[in-house]
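In the working numbering, the protein residues as written are 728 to 878. Cβ atoms here follow ideal geometry from the backbone N, Cα and C, with glycine treated the same way. Note that the structure is a prediction, hence the values are computed from the model and not measured. Down below is the structure, laid out as structure tokens.
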């Protein structure tokens, strides 16, 4: 009976996740692309990494991202502040199965443009090979909430 419930839960989870919007705004083409300091994703499709630019200072975007990480259900969050990079690390637990996913966000002031920040984001599953787009949707939700907080 427990296996049937897990299968039904997994089926509903897959059905729900496939119907969600996965759109992320592209980076403006006239911007210089910076090197993402977060390690790249492995070859498996259970990871998503992106770089975003914000027309605001790093402390303001940090507060918005910290709040959006909290609002999207992170179980643990830690913050590390280095000389010019702020790092937010969060752990998310997948309901029903209990799998853990890691989110890393690094925020830095853009050295080429005053008042603009570069945000590097990565969400990855600790277990398994496929994530059915969960990590991409998580990053999209975090960014969407941060944009809403900034406006």
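Would you mind working out which of the options sits nearest residue i, comparing C-alpha positions?
{"i": "residue 824", "options": "841, 840 and 854", "result": "854"}
{"i": "residue 810", "options": "835, 864 and 790", "result": "835"}
{"i": "residue 852", "options": "820, 773 and 791", "result": "773"}
{"i": "residue 802", "options": "827, 729, 792 and 761", "result": "827"}
{"i": "residue 859", "options": "733, 793 and 821", "result": "821"}
{"i": "residue 790", "options": "769, 813 and 768", "result": "813"}
Taking the Cβ atom as the reference point for each residue, do residue i and residue j lie within a distance shorter than 9 Å?
{"i": "residue 808", "j": "residue 869", "result": "no"}
{"i": "residue 847", "j": "residue 765", "result": "yes"}
{"i": "residue 816", "j": "residue 799", "result": "no"}
{"i": "residue 771", "j": "residue 819", "result": "no"}
Suppose the cutoff is 8 Å on Cβ atoms and the five residues either side in sequence are ignored; what does the same chain contact list for residue i look like?
{"i": "residue 782", "result": "842 and 843"}
{"i": "residue 788", "result": "781, 834, 844, 846, 873 and 877"}
If you drop the 5 nearest sequence neighbours on each side, which residues of the same chain put their C-beta closer than 6 Å to that of residue i?
{"i": "residue 872", "result": "795 and 798"}
{"i": "residue 775", "result": "850, 862, 863 and 866"}
Within 10 angstroms of its Cβ, does residue i collect 16 or more other Cβ (buried), or is it exposed?
{"i": "residue 786", "result": "exposed"}
{"i": "residue 861", "result": "buried"}
Any beta strand (DSSP E) of 3 or more consecutive residues that is wholly inside the region 816 to 861: 827 to 836 and 844 to 852
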